[in-house]
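This report concerns only the one structure given below.
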Ligand SMILES: [Fe+2]
Ligand SMILES: [Fe+2]
């Protein structure tokens, strides 16, 4: 992708229809970009960080092992610590998405490494997205610092996320820079489409710590826009890729669905050991089979719909990559 490719004609469309569709996508992106000044949470009131020690920090149902008998038998104080750790992990996953996944793709766009995203509208919206993500890092850092201090978890270490490790592994097996950029970009698109659903798990959950709900709700407010932005940007960059690049992107796109769904049990293994949870190894080992079906917990209809719209699923590479992963198209 060091050379710019000639724009492809939209699947099944004429050149004029493609031009019309592209100008509509650009106009929509411009509207979203111009609305940022009023919409973005960084421009609004700060989240109230009042802490209520009596409230749980996290939702028990979101722990991958919440139904395990060894977990259920634990003392309430230890369960409460595990919930706080769950909240910290949940936040750190958003940090990983923002700093290791989305922001580098934004810089790839700004540096002209992604065809179709070099125009001024794209630059504006990418810059706004970077500001949003930087603000989310601050939101999450504030929430985690407070939780760690209030719950005595200052020394808890959170290892790296499989979501990032698996993306980096996929990049490492590719020989060309353009392939690595597209693997990263596919991971960003999938993550940004999924992250608002991920945040919705807590954004209106009134039974947890109010500060936590408010933090997640503020974050989700921005991510609802990001999900639209990354969908529209895919409609902009995919037609600008060469046929070879399009085929490669199509072959990679469904993979991050699995990476995002990963239950991150290696992190839990480390955290439960650090919290000296009795039976930690058994609890985690018994949950490993759940990871195989983790993808089914995600609603990936948005990714499949987008793939139909841009024509990925009209190609052999696209159909094969989705069906090879057992994703209904
Ligand atoms: Fe974010
Ligand atoms: Fe985002």
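Residue numbers (full-length UniProt numbering): 1 to 329.
The beta carbon of each residue, even a glycine, is placed where N, CA and C say it ideally should be.
Here residue 167 is buried. Its C-beta has 16 or more other C-beta atoms within 10 Å.
Rounded to whole angstroms, the gap between the alpha carbons of residue 111 and residue 105 is 10 Å.
Remark: three or more beta-carbon pairs, one from each stretch, lie closer than 8 Å, so the region 33–44 and the region 123–133 are flagged as touching. Here residue 107 is exposed, its C-beta having fewer than 16 other C-beta atoms within 10 Å. Linking residue 288 to residue 265 through their CA atoms gives a straight-line distance of about 7 Å. Note on residue 20: under 16 other CB atoms within 10 angstroms of its CB, so exposed under the neighbour-count rule. Residue 236 is a Cβ neighbour of residue 122, given a cutoff of 8 Å. In this structure, DSSP gives residue 96 a helical state, which the three-state scheme calls helix.
For residue 180 and residue 142, the gap between their C-alpha atoms comes out near 33 Å. With a cutoff of 8 Å on beta-carbon distance, residue 69 and residue 263 are scored as not near each other. A contact between stretches requires three or more CB pairs, one per stretch, nearer than 8 Å, and the region 227–236 meets this requirement with the region 25–35.
In this model, residue 269 and residue 284 are separated by some 6 Å (Cα to Cα). Judged by DSSP in its simplified three-state form, residue 106 adopts helix. Here the distance from the Cβ of residue 192 to the nearest heavy atom of ligand 2 is below 7 Å.
When the alpha-carbon of residue 259 is set against those of 47, 183 and 54, the nearest one is in 183.
Secondary structure at residue 115: coil, using DSSP grouped into helix, strand and coil. Counting along the chain, residue 125 sits inside the alpha helix (DSSP H) bounded by residues 120–151.
Pairing residue 56 with residue 23 gives a Cβ-Cβ distance that is not under 8 Å. Closest option to residue 329, judged by alpha-carbon separation, among 224, 271 and 254: 254.
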